[in-house]
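Reviewing the structure listed below.
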Amino acid sequence: MPDAPYRDARLPARRRAEDLLSRLGTDEKIALLHQHAPALPRLGLAAHTTGTEALHGVSWLGPATSYPQAVGLGATWDRALVRRVGEAVSTEVRAFHERPAAPGRAPIGLNVWAPVVNPLRHPLWGRNEEGYAEDPLLTAELATAYTHGLRGDHPVYWRTAPTLKHFLGYNNEDDRTSTSSDLRPRVLHEYELPCYRGPVEAGAVAAVMPSYNVVNGRPAHVSPYIKDELRRWKHGADLVVCSDAEAPSNLVAAQRYFDDHAEGHGAALRAGVDSFTDHGTDSPVTVARLTDALERGLVTEAEIDAAVLRQLLMRINTGELDPELDPYAGTGQDVVGCEAHRDLARQAARQAVVLLRNAGGLLPLPAAGTVAVLGPLGDDVLRDWYSGSLLHRTTLLDALRERLGADHVTYADGLDRIALRSTSTGGYLTAGPDGSLAATGHQVGPAESFAVQDWGHGVSTLQAHDGRYLTKDGYGVLAATAEHPDEWVVQETFRLERGEDGRVRIQHLGTGHWVAVAAGSGALTTYASARAQAEPFAVRTVSAGAEQAARLAAGADAVVVVVGNDPHINGRETEDRIDLHLPPQQEEILRAARAANPRTVLAVVSSYPYAVDWADAEVPAVLWTAHGGQEGGRALADVLLGDHSPAGRLPQTWYRAGQRLPGLLDYDIITARTTYLYLDDEPLYPFGHGLSYTEFRYGPLSARIDGEHATASLTVANTGTRAGAEVVQLYTHTPDAPVATPLRRLQGFERIELAAGEEREVSFRVPLAALGRYDAAHGRWTVDPGRCTLAAGASSADLRSTAELTLDGPAPQPRPGLGTPLAARDFDEATGVRIVDRTRESGEAVEAGADGPGRLAFHGVDLGGGATAAVLGVSRTAPGPAVVELHLGGAVTRVEVPSTGGRYAWTTAGAELAAPVKGVHDVHVVLRGAVRLDGITFTG
4 MPDAPYRDAR LPARRRAEDL LSRLGTDEKI ALLHQHAPAL PRLGLAAHTT
54 GTEALHGVSW LGPATSYPQA VGLGATWDRA LVRRVGEAVS TEVRAFHERP
104 AAPGRAPIGL NVWAPVVNPL RHPLWGRNEE GYAEDPLLTA ELATAYTHGL
154 RGDHPVYWRT APTLKHFLGY NNEDDRTSTS SDLRPRVLHE YELPCYRGPV
204 EAGAVAAVMP SYNVVNGRPA HVSPYIKDEL RRWKHGADLV VCSDAEAPSN
254 LVAAQRYFDD HAEGHGAALR AGVDSFTDHG TDSPVTVARL TDALERGLVT
304 EAEIDAAVLR QLLMRINTGE LDPELDPYAG TGQDVVGCEA HRDLARQAAR
354 QAVVLLRNAG GLLPLPAAGT VAVLGPLGDD VLRDWYSGSL LHRTTLLDAL
404 RERLGADHVT YADGLDRIAL RSTSTGGYLT AGPDGSLAAT GHQVGPAESF
454 AVQDWGHGVS TLQAHDGRYL TKDGYGVLAA TAEHPDEWVV QETFRLERGE
504 DGRVRIQHLG TGHWVAVAAG SGALTTYASA RAQAEPFAVR TVSAGAEQAA
554 RLAAGADAVV VVVGNDPHIN GRETEDRIDL HLPPQQEEIL RAARAANPRT
604 VLAVVSSYPY AVDWADAEVP AVLWTAHGGQ EGGRALADVL LGDHSPAGRL
654 PQTWYRAGQR LPGLLDYDII TARTTYLYLD DEPLYPFGHG LSYTEFRYGP
704 LSARIDGEHA TASLTVANTG TRAGAEVVQL YTHTPDAPVA TPLRRLQGFE
754 RIELAAGEER EVSFRVPLAA LGRYDAAHGR WTVDPGRCTL AAGASSADLR
804 STAELTLDGP APQPRPGLGT PLAARDFDEA TGVRIVDRTR ESGEAVEAGA
854 DGPGRLAFHG VDLGGGATAA VLGVSRTAPG PAVVELHLGG AVTRVEVPST
904 GGRYAWTTAG AELAAPVKGV HDVHVVLRGA VRLDGITFTG
């Protein structure tokens with residue numbers, strides 16, 4: 004055995020990590036807890052960084068192959084493809100890792116922060132583009148595929164170390180660091196946790212990142228679910244928990260959950276955070292806080308050791324100590340953007356296209372004739388915050404001209420062009436060749452014409468005649484120099500506000516300041532801090548975009564209108580959307596085109612769903628694709644022209660305009676009856692929907708119970724005249740369950756390629772446990788006895804073959820109620836309540852919401868031979884009346900809550916019941932005033 008076992012590659016990784024840990028001093032160990040860990044030359048450890056962004060390609064490091072957004076990969080419903088994308092992305096990460104690091108800097112890290120597995124619960128979530136699907140099974144399956152691709156197939160060494168984001172209950176951006184996501188036990192165990200558990204237990208996940216938000220009243224970075232759930236799963240004990248950026252400081256600064264940073268950092272470490280992403284590369288700040296926490300006894304050295312050990316294991320697994328044995332070491336630069344990766348990007352973008360409507364068989368378009376491409380996204384390729392720099396960009400217009408010839412494809416962006424005349428100088432705003440702006444023009448020519456793109460909700464961008472965007476520099480001066488909006492704080496968005504005098508004043512949205520004209524030079528600045536100081540501009544319309552679009556549409560054999568979003572504007576990280584509407588300008592272009600030419604196709608290129616009801620009724624063909632990366636234009640052209648038969652399927656529900664949506668903070672999908680699982684009314688396009696250029700016939704579905712699984716099989720045939728792919732989906736429903744269960748729940752899916760006339764048997768094997776639910780009354784997973792309907796089809800609303808099984812689960816038992824505490828957060832139904840933290844570290848309770856009173860219902864509580872009194876665990880959070888009412892057995896018992904001294908000062912309050920109650924009853928509870936309820940114990 005060598006003197007340094009950690010260098011012996013023959014030993015298990017844990018043995019090597021433990022030996023390496025034993026050689027570290029306390030200061031060295033604490034230093035390793037920051038995202039940017041220093042080199043330790045005496046031990047052969049290089050400087051190390053956690054967190055390389057790899058959501059759908061290598062991000063922020065320079066040119067790399069760009070694949071469709073994650074929601075687009077979700078639309079493929081193709082495990083094998085998503086795994087191949089993960090393999091390609093991680094191979095390029097390895098190439099970046101091999102590049103020489105700047106002096107004093109670590110190499111590009113092999114811990115990649117991907118994928119995002121938050122289920123797409125709400126279509127207005129600003130980061131909708133980052134998740135895979137609305138459904139937990141589809142999310143987990145695709146995340147498992149992607150992480151397997153990122154990890155690689157070697158039995159010892161990992162190509163990269165994937166990180167799941169963001170744990171837990173994270174689906175809102177507005178006030179994301181302070182809002183609390185209430186996850187009742189059923190929603191937690193049936194909807195949220197399965198998205199993480201699937202890939203973790205598949206063994207291809209190295210790390211997990213907690214979310215910025217608060218969960219059940221407690222910041223996610225100190226959530227007990229890290230230890231109580233993640234760490235207890237198969238392969239979960241060694242997961243490295245990487246904090247999100249600045250989240251440790253947020254515990255004190257934004258969330259005010261702890262009094263000082265040593266306390267907050269110590270609590271995060273105790274909860275399970277192993278790597279602190281805080282203060283950028285300035286690691287001494289974090290080191291000082293954790294050192295202070297250790298000296299004050301807020302953490303122990305053993306807790307520090309556990310965190311460092313997990314990090315060392317990850318580094319050993321990625322081959323850091325064994326470059327001569329690591330099969331991925333030495334990956335060459337030639338893989339970045341290689342032909343195989345370009346081909347894969349195009350294949351992925353093709354499979355991400357979803358055909359939503361095709362009335363009269365308008366698609367595919369014939370190769371002969373003329374096509375008018377209309378709309379601002381028809382000649383653009385847009386990145387998002389987690390895209391890499393594009394190696395090349397091919398727009399839909401480019402791709403169609405390549406195929407059909409430039410003479411056969413016309414284009415208009417449909418944007419209005421305006422000229423702006425300054426009141427103070429009398430001159431028109433003019434863009435110089437270098438992009439400089441000045442209100443000095445004497446007449447309106449190309450340099451004085453600016454395209455206005457309305458993104459909705461009063462947000463616009465302005466482009467000079469050469470296509471460059473107006474933007475603000477570091478001195479507050481405006482110039483037309485930006486290629487695209489592409490910064491964390493977007494500097495290219497404006498609000499054009501027309502006053503009573505008919506003139507327009509322009510607000511720069513990135514700063515909130517108003518545009519002014521500098522005296523003398525006529526330059527435009529954002530120096531005006533108030534509207535009253537803004538420059539009034541007279542507006543002259545140079546050309547009307549919709550009119551031009553209509554003229555081109557009328558002269559073409561077919562029209563393709565391309566609309567959608569810019570992923571940096573109106574719905575993105577830090578900003579949720581307001582509604583589902585298309586920007587009015589884009590809808591105006593679409594209506595003008597459709598009026599001029601009935602052979603109109605709507606292509607929506609977006610990060611999220613829109614309510615396109617009018618288009619679904621009036622436009623013959625509608626497609627959707629997420630932003631498709633570098634090959635998105637060619638892929639969309641492949642589908643439009645029939646080179647590829649579309650097989651994408653919606654990974655989330657598309658709602659109708661005006662259809663009821665829950666509040667963004669209403670995470671209780673069961674009570675709110677949301678997501679496709681519980682939705683009672685008909686959406687615009689259902690989860691799983693997608694059409695093809697061929698037809699498929701479903702044979703009868705047969706099903707049986709085989710041990711601990713249900714198996715189902717059927718034959719699917721391609722009855723059309725061309726080859727195509729079908730995504731066969733299996734759903735279940737358990738109508739006899741004693742509580743509300745999903746109306747339909749995805750249990751399996753298979754994407755199959757069939758030649759014309761070919762048929763194939765498709766089989767599913769579903770664990771019986773997956774047919775069950777979480778029983779909050781008893782704190783366990785259960786399968787209810789009774790009927791289970793299985794249905795196979797082409798979407799959640801197009802179920803063509805059914806079968807029925809009888810489940811033999813345990814009979815539902817009453818909820819223990821006499822002498823056993825009834826935990827308040829384990830309610831069956833509730834309105835007007837919030838789930839809150841019982842203490843800063845553990846436990847959950849409920850309180851009435853701001854609008855009060857709060858109401859809870861517990862069904863089937865067994866009070867045995869008779870309950871005569873109740874003892875409540877309560878705390879009072881503010882002065883004033885605080886009462887808990889127990890509605891039981893036709894009588895009401897009022898319990899006055901005494902002053903307790905604060906939210907964490909718990910006491911008991913008891914009362915005799917209005918009348919003795921025996922047997923099984925529903926218990927209804929009303930909370931009035933500033934009271935927190937931990938639980939109820941009935942006594943005899």
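Using this note's numbering, the first residue of the sequence shown is number 4, and each one after it goes up by one.
Using N, Cα and C, we set each Cβ at its ideal position, and we do this for glycine too.
- A Cβ-Cβ separation of about 5 Å places T150 in contact with P202 under the 8 Å criterion.
- Residue burial is scored here from C-beta neighbours: A485 has at least 16 other C-beta atoms within 10 angstroms and is therefore classed as buried.
- Runs of the beta strand (DSSP E) spanning 3 or more residues and lying entirely within the segment 802 to 855 occur at 832 to 834, 836 to 840, 847 to 851, in chain order.
- In this structure, DSSP gives P139 a helical state, which the three-state scheme calls helix.
- Between the C-alpha atoms of A205 and A146 there is a straight-line separation of about 10 Å.
- Taking a contact as a CB-CB distance under 8 Å, the pair F690 and S799 counts as one, their CB atoms being some 5 Å apart.
- Only exposed fits E844, as fewer than 16 other CB atoms lie within 10 angstroms of its CB.
- Residue ranges of uninterrupted alpha helix (DSSP H) with 4 or more members, entirely inside the segment 661 to 716 and ordered along the chain, are 672 to 675, 678 to 681.
- Taken through DSSP and simplified to helix, strand or coil, F261 comes out as coil.
- Burial is judged here by how many other beta carbons sit within 10 angstroms of a residue's own beta carbon; V85 has at least 16 and is buried.
- Of the other Cβ atoms in all chains shown, fewer than 16 fall within 10 Å of the Cβ of E550; this residue is therefore exposed.
- For R313 against V243, the beta-carbon gap comes to about 5 Å, under 8 Å, which counts as contact.
- Around the CB of A535, fewer than 16 other CB atoms lie within 10 Å, so the residue is classed as exposed.
- Per DSSP, the continuous alpha helix (DSSP H) segment holding T94 begins and ends at 82 to 101.
- Pairwise C-beta distances place the segment 523 to 530 out of contact with the segment 603 to 610, as fewer than three of them are shorter than 8 Å.
- Rounded to the nearest angstrom, the Cβ distance from V376 to V565 is 7 Å, consistent with a contact under 8 Å.
- If you draw a 10 Å sphere on the C-beta of Q655, you find 16 or more other C-beta atoms in it, and that means buried.
- Considering only H712, E729, T714, the residue with the shortest C-alpha distance to A720 is E729.
- Taken atom to atom, the span from the alpha-carbon of D416 to that of P686 is near 30 Å.
- A direct Cα-Cα distance of roughly 26 Å separates A522 from A454.
- In the DSSP assignment, L186 falls outside any beta strand (DSSP E), carrying neither H nor E.
- Between D641 and D281, the alpha-carbon positions lie close to 45 Å from each other.
- Counting only runs of at least 4 residues, the segment 192 to 280 fully encloses the following alpha helix (DSSP H) elements, listed from N- to C-terminal order: 196 to 204, 228 to 231, 250 to 253, 264 to 274.
- Counting only runs that start and end inside the segment 461 to 496, the beta strand (DSSP E) elements of at least 3 residues fall at 463 to 466, 472 to 475, 481 to 485.
- Relative to V120, the option among A310, P901, Y194, Y907 whose CA is nearest is Y194.
- When the five nearest sequence neighbours on each side are left out, the beta carbons in the same chain lying within less than 7 Å of the beta carbon of D669 are those of A675, in order along the chain.
- Comparing C-alpha distances from D569 to each of E495, A908, S532, V96 shows the shortest one belongs to E495.
- In the DSSP assignment, N721 is bridged to F699.
- Note that the C-beta distance between E538 and R508 is below 9 Å.
- Per the DSSP secondary-structure output, R543 pairs in a beta bridge with A422.
- When Cβ pairs closer than 8 Å are counted between the two stretches, the segment 98 to 109 is seen not to touch the segment 635 to 651, the count staying below three.
- Take the alpha-carbon of T142 and the one of L167: they are about 12 Å apart.
- One Cα belongs to E807, the other to D410, and the distance between them is close to 58 Å.
- For S798, the three-state secondary structure derived from DSSP is strand.
- Excluding residues up to 5 positions away in sequence, L377, A415, G417, I592, A595, A596 lie with their Cβ nearer than 7 Å to the Cβ of A552 in the same chain.
- For secondary structure counted as the alpha helix (DSSP H) over 4 or more consecutive residues, the segment 7 to 70 holds these complete runs in sequence order: 16 to 25, 29 to 34.
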